[in-house]
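Have a look at the structure below before the remarks.
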Amino acid sequence: AELREAFGEALVGGELELHVQPQLDLESGRLIGAEALIRWDSARLGRSVPPAELLVAAAESGLMLQLDRFVLNRAVALLAGWGARPEAPAHLGINISIATLHDPAFATEVAEALAAAGVEAARLEIEIPEDLAIRDLPGVARTLAALREVGVPLSLDDFGGGHSGLPHVVRLPVQRLKLDRSITAGLPDDPKSYAVLRATMALARGMGIEVIGEGVETEGQAFALRRAGCHIIQGWLVGRPMRPEELVPPAPKLL
Ligand code: G
Ligand code: G
Ligand code: MN
Ligand code: NA
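The numbering of the sequence shown is UniProt numbering, which starts it at 467 and goes up by one.
As structure tokens, then:
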């Protein structure tokens with residue numbers, strides 16, 4: 467109960483922040499994107515609250531929609547601040563909850579937020595939690611279609627992490643698959659991980675979409691991904707989630 471109250475205060479009181487984790491294109495050597503991840507240092511609780519716990523507090527207090535809107539608006543403000551600076555990431559991905567994806571009006575809010583800040587729709591990316599998309603495709607289909615109409619790219623998060631069903635995936639209007647870090651963790655040696663990687667690359671090629679390798683911690687993992695044709699990576703090897711102003715171009719040793 468105290469957690470829920472504290473969260474409600476944090477949401478209006480400015481305690482929530484977005485950190486960003488860089489995504490590197492191994493072909494061009496450029497920082498091409500970033501993922502926004504929520505962070506909460508609670509003064510009242512005297513500790514930083516992990517995202518999983520924060521999300522439970524948001525759900526239990528009925529504040530998930532407000533949290534998603536906060537994330538949307540902060541992300542759009544970050545993109546506006548980065549502007550057209552050549553070293554800034556071209557796009558920023560946000561994580562959105564199931565509840566919000568059931569609300570077709572969300573697409574209108576996204577369009578309005580982008581227009582108000584003068585940010586191109588192509589620069590904001592929306593990450594769809596894989597389990598949700600699979601479980602309730604009809605319920606989110608309208609919102610996803612509306613978001614595509616706005617021009618926002620969609621990515622399917624945690625792909626290959628256990629919930630995926632191929633027939634569903636091919637019906638989702640996504641531009642990117644984010645390969646789950648449990649698969650990356652098995653690279654380069656585990657044959658099953660490598661099989662999932664290859665199958666994912668073949669699927670993406672067939673659909674004409676991109677794959678991004680998540681949770682990349684070692685050069686061996688990056689090399690295995692690249693060899694399989696996956697040249698966009700995210701993970702500690704490239705950078706930890708960090709405050710937006712700390713985001714810098716990748717170190718040359720990674721290229
Ligand atoms: O940053 P970290 O790896 O601890 O995030 C843990 C989980 O919380 C991830 O699965 C991530 O998708 C989710 N998450 C992080 N930030 C957000 C957010 O702003 N909104 C939602 N809905 N989920 C988030
Ligand atoms: O589910 P989602 O992909 O949104 O979750 C992102 C989560 O993964 C965040 O909690 C982030 O802190 C974590 N993460 C990011 N990079 C790495 C990594 O290289 N290794 C591990 N173990 N976790 C990572
Ligand atoms: Mn994500
Ligand atoms: Na993921």
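Note that the Cβ used here is the ideal one computed from N, Cα and C, for glycine as well.
- [ ] Tell me whether W548 sits in a helix, a strand or coil according to DSSP, three-state version.
- [x] helix
- [ ] Taking I678 as the reference, give the member of A690, L669, T684 and Q700 with the closest Cα.
- [x] Q700
TODO: For ligand 1, list every residue whose C-beta falls under 5 angstroms from any of its heavy atoms, going in chain order.
DONE: L503, I504, P517, V537, N561 and S563
TODO: Apply the 10 Å Cβ neighbour rule to G559 and answer buried if 16 or more other Cβ atoms are within range, or exposed otherwise.
DONE: buried
TODO: Please classify L580: is it buried, with 16 or more other beta-carbons within 10 angstroms of its beta-carbon, or exposed?
DONE: buried
- [ ] Could you spell out the range, first to last residue, of the beta strand (DSSP E) harbouring L484?
- [x] L482 to D491
- [ ] Please work out which residues of its chain come closer than 8 angstroms, Cβ to Cβ, to L703, disregarding the five sequence neighbours upstream and downstream, and give them in chain order.
- [x] V682, E683, T684, E685, Q687, A688 and L720
Task: Reference S648, options L613, H634, R671 and D624, closest by Cα - done: D624
TODO: Output the boundary residues of the alpha helix (DSSP H) element that contains H697.
DONE: Taken as a continuous stretch (DSSP letters only), H697 belongs to no alpha helix (DSSP H), as it is neither H nor E.
Open item on the list: Using CA atoms only, rank isn't needed, just tell me which of L669, A554 and A524 is closest to L497.
Closed with: A554
TODO: Return yes when the Cβ of Q641 is within less than 8 angstroms of the Cβ of P619, no when it is not.
DONE: yes
Open item on the list: Whole angstroms are fine: how far does the CA of G672 sit from the CA of G628?
Closed with: 21 angstroms
Task: Separation of E712 from E526, as counted between CA atoms - done: 33 angstroms
Task: Expected contact under 8 angstroms - CB spacing of V537 and L590 to nearest Å - done: At roughly 11 angstroms, the Cβ-Cβ gap does not stay under 8 angstroms, so V537 and L590 are not in contact.
- [ ] Tell me whether D623 counts as near ligand 3, meaning its Cβ is closer than 7 angstroms to at least one heavy atom of that ligand.
- [x] yes
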